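As they're listed, the protein sequences go chains A and B. Note that the working numbering has the first sequence beginning at 4, numbered continuously upward. Note that the working numbering has the second sequence beginning at 4, numbered continuously upward. Note sheet for the following structure.
2 protein chains.
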Amino acid sequence: MARPALKPRKSPKQARSSETVEAIVEAAARILEVKGVEGFNTNAVALRAGVSIGSLYQYFPNKHALIAELLRRSVASLRDGVTQAAQLAQGAPLREGMRLLIRAAVDHQLARPMLEKLLDYQEARLPMDTQRRAIAEDLQAQLVNFLNHHRGAVSVSDLTVAALDSQAIARALIDAAAERDETDARLIERRVLAAVMGYLTAPPQRGD
Amino acid sequence: MARPALKPRKSPKQARSSETVEAIVEAAARILEVKGVEGFNTNAVALRAGVSIGSLYQYFPNKHALIAELLRRSVASLRDGVTQAAQLAQGAPLREGMRLLIRAAVDHQLARPMLEKLLDYQEARLPMDTQRRAIAEDLQAQLVNFLNHHRGAVSVSDLTVAALDSQAIARALIDAAAERDETDARLIERRVLAAVMGYLTAPPQRGD
DNA sequence: TTAAAATATGAGTAATTACTCATATTATGT
DNA sequence: ACATAATATGAGTAATTACTCATATTTTAA
Numbered sequence: 004m005a006r007p008a009l010k011p012r013k014s015p016k017q018a019r020s021s022e023t024v025e026a027i028v029e030a031a032a033r034i035l036e037v038k039g040v041e042g043f044n045t046n047a048v049a050l051r052a053g054v055s056i057g058s059l060y061q062y063f064p065n066k067h068a069l070i071a072e073l074l075r076r077s078v079a080s081l082r083d084g085v086t087q088a089a090q091l092a093q094g095a096p097l098r099e100g101m102r103l104l105i106r107a108a109v110d111h112q113l114a115r116p117m118l119e120k121l122l123d124y125q126e127a128r129l130p131m132d133t134q135r136r137a138i139a140e141d142l143q144a145q146l147v148n149f150l151n152h153h154r155g156a157v158s159v160s161d162l163t164v165a166a167l168d169s170q171a172i173a174r175a176l177i178d179a180a181a182e183r184d185e186t187d188a189r190l191i192e193r194r195v196l197a198a199v200m201g202y203l204t205a206p207p208q209r210g211d
Numbered sequence: 004m005a006r007p008a009l010k011p012r013k014s015p016k017q018a019r020s021s022e023t024v025e026a027i028v029e030a031a032a033r034i035l036e037v038k039g040v041e042g043f044n045t046n047a048v049a050l051r052a053g054v055s056i057g058s059l060y061q062y063f064p065n066k067h068a069l070i071a072e073l074l075r076r077s078v079a080s081l082r083d084g085v086t087q088a089a090q091l092a093q094g095a096p097l098r099e100g101m102r103l104l105i106r107a108a109v110d111h112q113l114a115r116p117m118l119e120k121l122l123d124y125q126e127a128r129l130p131m132d133t134q135r136r137a138i139a140e141d142l143q144a145q146l147v148n149f150l151n152h153h154r155g156a157v158s159v160s161d162l163t164v165a166a167l168d169s170q171a172i173a174r175a176l177i178d179a180a181a182e183r184d185e186t187d188a189r190l191i192e193r194r195v196l197a198a199v200m201g202y203l204t205a206p207p208q209r210g211d
């Protein structure tokens with residue numbers, strides 16, 4: 004009942020309105036990057052998009068739907084990158100496959116580091132709509148599947164946990180690097196790979 | 004000029020007002036945990052603290068000063084834990100010393116996972132006052148110092164980066180575990196240790 | 001006992017902001 | 001050319017919220 008509607012109010016039929024929607028989404032991203040969640044308000048987004056506040060509400064039922072859309076696009080883009088990487092990783096040894104997956108994550112997150120960090124935080128607080136859930140589950144499934152092909156070399160027994168934790172490690176190290184204004188993707192990739200491989204292949208202690 | 008003042012407006016002289024301040028700080032923490040930054044407002048904090056809004060502004064010049072105080076306390080508490088752990092870690096081998104340091108971090112963050120995650124995000128956006136900077140630098144220095152004692156075994160050349168990244172890994176894995184409602188500190192500790200050791204001791208690739 | 005200092009109160013204010021709606025403009029199909 | 005659908009507009013509204021200030025109460029100290 005009180006669940007916020009995140010679906011588009013109206014979907015654009017003409018090219019004109021598609022451009023409007025794109026302008027709004029991009030403006031929302033910029034505002035989030037520059038002002039953070041606190042400075043994020045619909046009037047500012049509309050202004051930045053060069054569009055009236057009324058137009059914004061033609062396509063987004065409320066403020067949260069804007070962030071939900073950014074989140075949807077971000078996860079979808081990461082998922083697509085990982086899908087490609089997972090193709091290449093087919094049959095490769097654990098370490099090399101992992102390197103490719105991590106590369107996809109680094110490239111994705113380094114494109115808009117501030118925005119991604121912010122969205123990562125929002126992810127936990129915003130209810131996940133069906134569409135985003137599907138994409139997120141697809142992404143997670145691909146990682147688990149990859150790990151499963153190498154389960155002999157992986158010492159963590161719960162691959163679901165392993166996939167989630169690997170994502171968490173990658174995100175954290177990429178965020179940290181971006182905070183220091185690092186831009187060398189390969190360098191970051193190496194460090195993430197080291198941490199993730201350490202995590203995955205550490206000799207099991209007693210118990211687990 | 005436009006820099007927000009985060010210092011207390013007035014410092015409590017009597018026991019009565021100390022209790023007021025404590026009530027306010029604790030209420031601020033609860034509100035952040037339950038409602039997030041979006042639902043965080045001074046009126047709500049005062050109400051929850053059982054104190055008038057006027058009293059709140061006697062001790063905190065503005066809303067951000069409340070979060071700054073929470074941040075200060077959190078970093079101070081982590082620093083204290085790490086200081087103790089670093090004592091014990093003196094002379095221990097890298098792995099065992101690291102385990103102690105990580106244990107401190109896990110214990111700290113697992114005490115109030117939601118709050119810590121949120122504060123972590125705020126940390127980047129709020130200007131760091133002199134006091135918090137000093138504490139944070141002390142913490143960082145202790146980690147660097149510890150790593151320096153084992154620099155033979157650490158393959159990362161920049162120990163400052165290594166310390167920051169280790170903290171990032173720990174925070175991320177603890178957050179992820181808390182998100183899954185895990186509570187077994189030792190289990191989390193092991194996973195963090197595996198990742199951090201992997202990060203620190205990975206054989207260097209060509210370059211660095 | 002009493003003056004001064006410390007502390008507490010909460011109605012009130014100005015600013016911000018999410019969102020609506022009546023109306024205007026533009027595009028499409030026939 | 002024209003009717004209809006799609007799209008765009010932005011002044012206006014109700015709600016929220018950060019913060020003030022004049023006043024009241026409590027504590028301290030002489």
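All C-beta atoms, glycine included, are put in the ideal place defined by N, C-alpha and C. Remember, it's a predicted structure, so these values are computed and weren't measured experimentally.
Report the neighbours of ARG174 (chain A) on chain B: residues whose CB is nearer than 8 Å to its CB, in chain order. Along the first sequence, read from residue 1 onward, the residue named residue 174 (chain A) stands at position 171. Neighbours of ARG174 (chain A) on chain B, chain order: ALA175.
Any Cβ of chain A within less than 7 Å of the Cβ of LEU146 (chain B)? As a working mapping, residue 146 (chain B) is identified with position 143 in the second sequence. Output row for LEU146 (chain B): interface = no.
Taking Cβ positions, are ILE27 (chain A) and LEU59 (chain A) nearer each other than 7 Å? Within the first sequence, numbered from 1, the residue matching residue 27 (chain A) stands at position 24. Within the first sequence, numbered from 1, the residue matching residue 59 (chain A) stands at position 56. In this structure, LEU59 (chain A) lies closer than 7 Å to ILE27 (chain A) by Cβ.
Let's see if you can read the secondary structure: which residues bound the alpha helix (DSSP H) around PHE149 (chain B)? For the purposes of this step, residue 149 (chain B) is identified with residue 146 of the second sequence, where counting begins at 1. Start and end: 133–152.
Quick one: does TYR62 (chain A) have its CB under 7 Å from some CB of chain B? Counting from one through the first sequence, the residue named residue 62 (chain A) turns up at place 59. Answer no: the Cβ-Cβ gap between TYR62 (chain A) and chain B never drops below 7 Å.
From what residue to what residue does the alpha helix (DSSP H) around GLU185 (chain B) run? Taking the second sequence and counting its residues from 1, one reaches residue 185 (chain B) at position 182. It is not in any alpha helix (DSSP H) - GLU185 (chain B) carries neither H nor E in the DSSP assignment.
Taking Cβ-Cβ distances shorter than 9 Å, what residues in chain A pair up with MET131 (chain B)? In the second sequence, residue 131 (chain B) corresponds to position 128, counting from 1. None at all; the shortest Cβ gap to chain A is about 13 Å.
So LEU178 (chain A) contacts chain B; which residues on that side make the cut at Cβ distance below 8 Å? As a position in the first sequence, residue 178 (chain A) is number 175, starting the count at 1. A quick correction: the sequence has Asp, not Leu, at residue 178 (chain A). Under the 8 Å cutoff, chain B gives ALA171.
Compare the C-alpha of LEU35 (chain B) against each of B:VAL24, B:LEU91, B:VAL109, B:PRO116 and name the closest. Taking the first residue of the second sequence as position 1, residue 35 (chain B) is located at position 32. With distances taken between Cα atoms, LEU35 (chain B) lies closest to B:PRO116.
According to DSSP, is ALA198 (chain A) part of a helix, a strand, or is it coil? Counting from 1 along the first sequence, the entry for residue 198 (chain A) is found at position 195. ALA198 (chain A) falls in the helix class under three-state DSSP.
Interface partners of LEU167 (chain A) on chain B, CB under 7 Å: What you label residue 167 (chain A) is simply residue 164 of the first sequence in a count that begins at 1. Going along chain B in sequence order, the residues near LEU167 (chain A) (Cβ under 7 Å) are ALA179.
Taking 7 Å as the CB-CB cut-off, is SER20 (chain B) touching chain A? As a position in the second sequence, residue 20 (chain B) is number 17, starting the count at 1. No, SER20 (chain B) does not count as interfacial toward chain A.
Test: MET200 (chain A) CB closer than 7 Å to a CB of chain B: Residue 200 (chain A) sits at position 197 when you count from the first residue of the first sequence. So yes, MET200 (chain A) belongs to the interface.
Contacts that GLN208 (chain A) makes with chain B (C-beta to C-beta distance below 8 Å): Translated into the one-based positions of the first sequence, residue 208 (chain A) becomes position 205. Within 8 Å Cβ-Cβ: ARG193.
Answer yes or no: does any C-beta atom of chain B fall closer than 7 Å to that of GLN39 (chain A)? Along the first sequence, one-based indexing puts residue 39 (chain A) at 36. Per the sequence shown, residue 39 (chain A) should be read as Gly rather than Gln. Using a CB distance cut-off of 7 Å, GLY39 (chain A) counts as an interface residue toward chain B.
Of the listed residues B:ILE177, B:TYR202, B:ARG76, B:LEU176, nearest to ARG135 (chain B) (C-alpha basis): Counting from 1 along the second sequence, the entry for residue 135 (chain B) is found at position 132. Selected option, being the one with the closest Cα: B:ARG76.
First and last residue of the alpha helix (DSSP H) that includes VAL48 (chain B)? Numbered from its first residue, the second sequence carries residue 48 (chain B) at position 45. Segment 45–52, the alpha helix (DSSP H) holding VAL48 (chain B).
Just the C-alpha distance for TYR202 (chain B) and ALA47 (chain A), rounded to the nearest angstrom, thanks. In the second sequence, residue 202 (chain B) corresponds to position 199, counting from 1. In the first sequence, residue 47 (chain A) corresponds to position 44, counting from 1. Each residue's alpha carbon lies about 42 Å from the other.
Quick check on DSSP: helix, strand or coil for LYS16 (chain A)? Position 13 of the first sequence, counting from 1, holds the residue named residue 16 (chain A). Reduced to three states, the DSSP call for LYS16 (chain A) is coil.
Under 9 Å, CB to CB, which of the residues in the stretch 77–100 of chain B have a partner in chain A? none
Return the chain-ordered list of same chain residues with a C-beta closer than 8 Å to the C-beta of ARG102 (chain A), the five sequence neighbours on each side being excluded. If you number the first sequence from 1, residue 102 (chain A) lands on position 99. Once the five neighbours on either side are set aside, the close Cβ partners of ARG102 (chain A) are GLU192, LEU196.
Proximal residues to SER169 (chain B) (C-beta, below 6 Å), its chain only, five neighbours per side dropped: Walking along the second sequence from the start, residue 169 (chain B) turns up at place 166. Correct list, in chain order: VAL199.
Looking at chain B, is there any beta carbon in it that lies within less than 7 Å of the beta carbon of ARG136 (chain A)? As a working mapping, residue 136 (chain A) is identified with position 133 in the first sequence. Taking Cβ atoms only, chain B never reaches closer than 7 Å to ARG136 (chain A), which makes this a no.
Label ILE56 (chain B) either buried or exposed according to how many other C-beta atoms from any shown protein chain fall within 10 Å of its C-beta, with 16 as the threshold for buried. Residue 56 (chain B) sits at position 53 when you count from the first residue of the second sequence. So ILE56 (chain B) ends up on the exposed side.
Should ALA197 (chain A) be flagged as near chain B, meaning a C-beta pair shorter than 7 Å? The sequence position of residue 197 (chain A) within the first sequence is 194, counting from 1. Any Cβ of chain B closer than 7 Å to the Cβ of ALA197 (chain A) would place that residue at the interface, and such an atom is present.
Please state whether DSSP places PRO2 (chain A) in a helix, a strand or coil. Here chain A has residues from 4 to 211 only, and residue 2 (chain A) is not among them.
Sufficient close CB pairs (3 or more, under 8 Å) joining the stretch 178–190 of chain B to the stretch 106–120 of chain B: Verdict: yes, contact present.
Residue interval of the alpha helix (DSSP H) (run including GLY2 (chain B)): In the structure displayed, chain B extends from 4 to 211; residue 2 (chain B) sits before or after that span and is not available.
For ALA32 (chain B), which residues in the same chain have their Cβ closer than 8 Å to its Cβ, ignoring the five residues on either side in sequence? Start at 1 with the first residue of the second sequence, and residue 32 (chain B) comes out as number 29. Around ALA32 (chain B): LEU73, ARG115, LEU118.
How about GLN145 (chain A) and VAL85 (chain A): do their beta carbons lie closer than 7 Å? Along the first sequence, read from residue 1 onward, the residue named residue 145 (chain A) stands at position 142. Along the first sequence, read from residue 1 onward, the residue named residue 85 (chain A) stands at position 82. Closer than 7 Å, so yes.
Could you check what DSSP says for LEU162 (chain B) in three-state terms: helix, strand or coil? Start at 1 with the first residue of the second sequence, and residue 162 (chain B) comes out as number 159. DSSP places LEU162 (chain B) in helix when its eight states are reduced to three.
Taking only beta-carbon atoms, is SER14 (chain A) less than 7 Å away from chain B? Within the first sequence, the letter at position 11 stands for residue 14 (chain A). No, SER14 (chain A) does not count as interfacial toward chain B.
How would you list, in chain order, the residues of chain B whose beta-carbon sits under 8 Å from the beta-carbon of GLU182 (chain A)? Counting from 1 along the first sequence, the entry for residue 182 (chain A) is found at position 179. Listed by position along chain B, the residues whose Cβ is nearer than 8 Å to that of GLU182 (chain A) are ALA127.
SER158 (chain A) versus A:THR204, A:GLU140, A:MET131, residue with shortest Cα-Cα distance: Looking up residue 158 (chain A) in the first sequence gives position 155. Comparing Cα-Cα distances from SER158 (chain A) to each of A:THR204, A:GLU140, A:MET131, the minimum goes to A:THR204.
Could you tell me which chain A residues have their CB closer than 9 Å to the CB of ALA205 (chain B), listed as they occur along the chain? Here residue 205 (chain B) is taken as the residue at index 202 of the second sequence, counted from 1. Correct list: ARG193, ARG194, LEU196, ALA197, ALA198, MET200, GLY201.
Return the residue from the list B:SER160, B:GLN143, B:PRO15 that minimises the CA-CA distance to ALA89 (chain B). Numbered from its first residue, the second sequence carries residue 89 (chain B) at position 86. Measuring from the Cα of ALA89 (chain B), the nearest candidate turns out to be B:GLN143.
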